[in-house]
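Take a look at the structure below.
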Amino acid sequence: MTERLPRKERERLQHRKDILAAARKVFALRGFKDATIDEIAERAEFGKATLYHYFSTKEEMFQEVIHDGFTQMVELTRKELERQGTTRELLLHFGERFLRHLYENADLFSLYTREMNKVQSRECWHTGFRDSVRKLADVLERNPGLEGNRERVETYAFLFLNIVLGIFHFNFIRHCCDDTDAETLLVFADDGQMNEEIGEAMHILETVFFRGLDKLIAESKDTENQG
Numbered sequence: 000m001t002e003r004l005p006r007k008e009r010e011r012l013q014h015r016k017d018i019l020a021a022a023r024k025v026f027a028l029r030g031f032k033d034a035t036i037d038e039i040a041e042r043a044e045f046g047k048a049t050l051y052h053y054f055s056t057k058e059e060m061f062q063e064v065i066h067d068g069f070t071q072m073v074e075l076t077r078k079e080l081e082r083q084g085t086t087r088e089l090l091l092h093f094g095e096r097f098l099r100h101l102y103e104n105a106d107l108f109s110l111y112t113r114e115m116n117k118v119q120s121r122e123c124w125h126t127g128f129r130d131s132v133r134k135l136a137d138v139l140e141r142n143p144g145l146e147g148n149r150e151r152v153e154t155y156a157f158l159f160l161n162i163v164l165g166i167f168h169f170n171f172i173r174h175c176c177d178d179t180d181a182e183t184l185l186v187f188a189d190d191g192q193m194n195e196e197i198g199e200a201m202h203i204l205e206t207v208f209f210r211g212l213d214k215l216i217a218e219s220k221d222t223e224n225q226g
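In numbering that gives the first Met the number 0, the protein residues as written are 0 to 226.
Spelled out as C-alpha cells, the structure:
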C-alpha cells in the first residue's frame with residue numbers, strides 16, 4: 000500500500016499544479032513575452048509572493064509547463080503502444096487517443112506553435128517526436144516483410160505521426176479562423192464535434208495510411224518469395 004503524503008506536502012503539490020495550469024493558459028493566450036506574473040497569479044488565485052515561492056522566474060515557470068506537457072505526450076505514446084494487439088489495432092487506438100489528447104490540450108498545442116523558436120520548446124518537441132517515431136517503428140517492425148528495414152519502417156512511422164498531427168493542425172487552424180475569442184480557441188471543439196472530427200481522422204488513416212502499408216508489406220513478401 001502506497002504511503003499517504005503529509006497534508007502540507009499534498010497542499011504544496013496541489014498549489015504547484017494550480018500555478019502551472021494557470022501559467023499554461025496565460026502563456027498560450029499571450030505568448031511568453033507578453034505573459035505577466037500578475038496575470039498568472041490572478042488566474043491561479045494566489046499572490047505573486049506565492050508564485051515566487053515555487054518558481055524563481057517566469058522563464059523557469061515556462062520551462063516547467065513545456066516539460067510537463069511533453070512528459071504527458073511521451074507517457075501516452077509509451078502506454079498506448081505497449082498494449083497487446085495487431086499493428087492496425089495498436090496504431091488506430093494510438094491515433095485516436097493521441098488526437099483526443101491534442102484536442103483536450105489545445106492550449107499546449109497553441110503554446111508549442113507560438114513559442115517553437117524558444118530553445119526549450121524546440122528541444123522538447125524534437126525529443127518527444129523522435130521518441131514517438133521510434134516507438135511507432137517498433138510496432139510496425141513486427142510485421143513480416145518489414146523486419147530488418149529500420150530506415151523504411153521509421154519513414155512510415157514518421158508519416159503516420161505527421162498525418163495525425165496534420166489533421167489536428169488543419170482543424171485547429173480552421174476553428175481559429177471561425178472564432179475570434181482567444182479564450183475559446185483553447186477549447187475549440189465540444190465533445191460531439193471532437194468525436195466527429197476524430198472519426199473522420201480515423202477514416203483517413205484507414206484509407207490513406209493503412210492501404211499503403213498493406214501494399215508495402217505485400218510487395219516485401221513478394222520480393223522475399225522471388226528471392
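Built from N, CA and C at the ideal position, the CB exists for glycine as well.
What's the call for Val207, buried or exposed, on a 16-neighbour Cβ count within 10 Å? In the sequence shown, counting from the first residue as 1, residue 207 sits at position 208. Burial call: exposed.
Is the beta carbon of Glu122 sitting closer than 8 angstroms to the one on Gly30? The count along the sequence shown starts at 1 and reaches residue 122 at position 123. The count along the sequence shown starts at 1 and reaches residue 30 at position 31. No, they are not a contact pair.
What do you get for Gly198, buried or exposed, if any count of 16 or more other CB atoms within 10 angstroms of its CB means buried? Counting from one through the sequence shown, the residue named residue 198 turns up at place 199. Its Cβ having fewer than 16 others within 10 Å, Gly198 is exposed.
When the Cα of Arg133 is compared with those of Ala156, Phe171 and Thr112, which residue comes out closest? Taking the sequence shown and counting its residues from 1, one reaches residue 133 at position 134. For the residues Ala156, Phe171 and Thr112, the minimum Cα distance to Arg133 belongs to Ala156.
Please state whether DSSP places Met115 in a helix, a strand or coil. Counting from one through the sequence shown, the residue named residue 115 turns up at place 116. In the three-state reduction of the DSSP assignment, Met115 falls in the coil class.
Backbone secondary structure at Ser252 - three-state DSSP: Look at the range of the chain in this structure, 0 to 226, and you will see that residue 252 is not part of it.
Please classify Thr70 as buried or exposed, where buried requires at least 16 other C-beta atoms within 10 Å of its C-beta. Residue numbering aside, residue 70 sits at position 71 when the sequence shown is read from its first letter. Classified as exposed, Thr70 has fewer than 16 neighbouring CB atoms from the shown chains inside 10 Å of its CB.
On the premise that Phe108 lies in contact with Val64, defined as a C-beta separation below 8 angstroms, what is that separation, rounded to the nearest angstrom? Mapped onto the sequence shown, residue 64 falls at position 65. Mapped onto the sequence shown, residue 108 falls at position 109. Rounded to the nearest angstrom, the Cβ distance from Val64 to Phe108 is 13 angstroms, too far for a contact under 8 angstroms.
Hey, Lys47 and Asp33 are a contact pair by Cβ (cut 8 angstroms); roughly how many whole angstroms apart? In the sequence shown, residue 47 corresponds to position 48, counting from 1. In the sequence shown, residue 33 corresponds to position 34, counting from 1. Actually they are not in contact, since the Cβ atoms of Lys47 and Asp33 sit about 17 angstroms apart, beyond 8 angstroms.
Hey, could you find the ends of the alpha helix (DSSP H) Thr76 is sitting in? Residue 76 sits at position 77 when you count from the first residue of the sequence shown. For Thr76, the enclosing alpha helix (DSSP H) covers residues Lys57 to Leu80.
Closest Cα partner of Ile166 within the set Arg99, Gly147, Thr154 and Gly144: Numbered from its first residue, the sequence shown carries residue 166 at position 167. Between Ile166 and the set Arg99, Gly147, Thr154 and Gly144, the nearest pair of CA atoms involves Arg99.
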